[in-house]
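Okay, structure first, notes after.
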Amino acid sequence: MTTSKTTVEIHNAYPLAPLTSWKVGGLAQWYAAPKSLAALEECLTWAERSGEPVTLIGAGSNLLISDRGLTGLVICTRHLRGIEFDLAKGQVTVAAGEPVARLALQVATKGWSGLEWAVGIPGTLGGLVVMNGGAQGGCASDRIINVQTISLGGIAETLLPEELGFAYRTSILQAGDRIVTAATLQLNTGFDPQVITATTNDFLRFRHRMQPYHLPSCGSVFRNPHPHAAARLIEDTGLKGYRIGDAQVSELHANFIVNCGHASSTDIIKLIRHVQTQVAQKWAINLETEVKMLGEF
Ligand SMILES: Cc1cc2nc3c(=O)[nH]c(=O)nc-3n(C[C@H](O)[C@H](O)[C@H](O)COP(=O)(O)OP(=O)(O)OC[C@H]3O[C@@H](n4cnc5c(N)ncnc54)[C@H](O)[C@@H]3O)c2cc1C
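The numbers in my numbering rise by one with no breaks, and the one at position 108 of the sequence shown is 497.
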């Protein structure tokens, strides 16, 4: 059902599972996917007038959404698109919904270095900034000049990296009270496009060899508890391949939980808790989740 008279459609009882990389989760009470900033502002006005809480999602590649679904309005930013290059400064301003992997390949073909590591990340630019996503020693905050945001109350603000509390896979944006609409990144220019593209493709091949890209997952489920690697701890606890329902600790990379077919969020959360308990018993280390949980479990 679509109830809105505005230019953006606000859907009732909208299925969220297809919008997540794990392919699990229930319905959004209300759902909108604005394609412009004006449409996004309409969504926020609608939520404020209706008294509905707002939940943000990008490409859903780092989310575990409850089987019971989400109340309020879910706003998906993956359709906010646009990339602008500033050739003189070597900067690129990227809208929140742009796919990170495609951006990495696009800048590589210009001979711009700095995002080679990002090619294996199946998220949007917005999600990458919020998560301070990274790989192969690089991360988003290394490249961010500023982040354009709009508060849930509709106030636009451009924030500098030092205002965003960036640290390992975290930022203050995870509080969920601001929407990332775009970010400007600084890259290193003047390289041979073929060399940067080859390095980027090498990273992608490496990722496909070492990680289970062939099955639905959310990437790394747990944060690495410094100085340990979560995958090593889980593997050394004997949990590789351990399964609850159709949720399985990947045989290829123990920090991935894969959906082998018809896993539910309940299967996945049970498996997450089992892994946490077993690792804590064996090593006295608490594994914290990197994946963001939405809804009631
Ligand atoms: C196969 C695979 C490999 C992966 N590899 C990596 C990796 O190497 N490194 C890494 O860091 N991650 C990795 N991930 C996890 C994931 O891709 C990243 O965390 C990614 O940055 C999430 O982006 P997203 O658009 O999917 O965000 P979502 O998962 O949709 O959301 C993540 C968080 O950001 C918030 N959010 C999303 N968009 C906005 C917005 N516009 N404004 C405000 N808040 C927003 C959400 O509310 C949520 O809290 C991997 C995932 C998969 C499935």
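Just so you know, even glycine gets a beta-carbon here, dropped at the ideal spot from N, CA and C.
Please read these numbers as outputs of a predicted model, since none were measured by experiment.
Judging by CA-CA distance, which residue of the options is the nearest neighbour of residue i?
i: serine 639; options: Pro601, Asp625, His663; result: Pro601
i: leucine 576; options: Gln480, Ala493, Thr589, Gly565; result: Gln480
i: alanine 636; options: His617, Ile658, Ala620; result: Ile658
i: threonine 513; options: Thr409, Gly542, Ala497; result: Thr409
i: leucine 462; options: Ser540, Ala643, Trp435; result: Trp435
i: arginine 470; options: Ile544, Ala477, Arg491; result: Arg491
i: aspartate 531; options: Met599, Gly634, Tyr557; result: Tyr557
i: isoleucine 533; options: Gly543, Glu546, Gly503, Ile544; result: Gly503
i: lysine 424; options: His468, Leu453, Ile446; result: His468
i: aspartate 656; options: Pro550, Pro582, Ser455, Leu604; result: Ser455
i: glycine 554; options: Gly440, Glu685, Val413, Asn521; result: Asn521
i: alanine 545; options: Arg567, Glu552, Ala529; result: Arg567
i: leucine 453; options: Ser654, Tyr631, Ala529; result: Ser654
i: alanine 529; options: Ala448, Asp475, Leu574, Glu551; result: Leu574
i: lysine 681; options: Pro614, Gly449, Thr666; result: Gly449
i: tyrosine 631; options: Ala421, Ile661, Pro488, Glu473; result: Ile661
i: aspartate 350; options: Gly565, Thr578, Pro550; result: Within the shown structure, residues of the chain are numbered from 390 to 686, placing residue 350 beyond reach of any answer.
Leaving out five residues before and five after residue i in sequence, what residues of the same chain have Cβ atoms less than 8 Å from its Cβ?
i: alanine 673; result: none
i: arginine 612; result: Tyr557, Arg558, Ala619, Leu676, Glu677, Thr678, Glu679
i: cysteine 586; result: The residue asked about is misnamed: residue 586 is threonine in this sequence, not cysteine. Taken in chain order, the residues that qualify are Leu494, Ala497, Thr498.
For residue i, which residues of its own chain have a beta-carbon under 7 Å away from its beta-carbon, when the five flanking residues on both sides are left out?
i: alanine 669; result: Asn675
i: proline 404; result: Leu416
i: alanine 571; result: Thr482, Val483, Ala484, Ala485, Gln537
i: valine 519; result: Ser560, Leu562, Gln563, Val569
i: threonine 392; result: Low confidence applies here, because threonine 392 scores a pLDDT of 46, under 50, leaving its location unreliable; read the following figure in that light. Counting only Cβ-Cβ distances below 7 Å, and skipping sequence neighbours, we find Ile399, Asn401.
i: leucine 548; result: Asn535, Val536, Thr538
i: alanine 493; result: Leu504, Glu505, Ala507, Val508, Thr589
i: alanine 652; result: Val413, Gly634, Asp635, Ala636
i: glutamate 441; result: Trp419, Gly461, Leu462
i: isoleucine 446; result: Leu408, Leu452, Val463, Cys465
i: glutamate 437; result: none
i: histidine 642; result: Met599, Gln600, Pro601, Ala620
i: glutamate 685; result: Ser455, Arg457
So residue i and residue j are supposed to be a Cβ contact under 8 Å. How far apart are they, rounded?
i: leucine 683; j: threonine 444; result: 6 Å
i: leucine 541; j: leucine 433; result: 6 Å
i: serine 609; j: glutamate 679; result: 5 Å
i: glycine 516; j: asparagine 451; result: 6 Å
i: glycine 500; j: phenylalanine 580; result: 4 Å
i: alanine 524; j: tryptophan 506; result: 5 Å
i: leucine 604; j: cysteine 649; result: 7 Å
i: valine 664; j: leucine 628; result: 6 Å
Can you confirm whether residue i, when its beta carbon is compared against all beta carbons of chain D, has any partner nearer than 7 Å?
i: asparagine 451; result: Annotation note: the requested chain D is absent from the structure, which comprises a single protein chain.
Quick one: residues in its chain with C-beta nearer than 6 Å to the C-beta of residue i, no 5 flanking neighbours on either side, listed in chain order?
i: valine 647; result: Pro601, Leu604, Ser606, Gln637, Ser639
i: glutamate 473; result: Thr482
i: lysine 671; result: Thr626
i: phenylalanine 645; result: Pro601, Ser606, Ser639
i: alanine 422; result: Cys465, His468
i: proline 582; result: Thr498, Gly500
Between the stretch 418 to 432 and the stretch 615 to 628, are three or more C-beta pairs nearer than 8 Å?
-> no
The stretch 464 to 473 in contact with the stretch 503 to 511 per 3-pair CB rule at 8 Å | Taking 8 Å as the limit for Cβ pairs, the verdict is that the stretch 503 to 511 does not touch the stretch 464 to 473.
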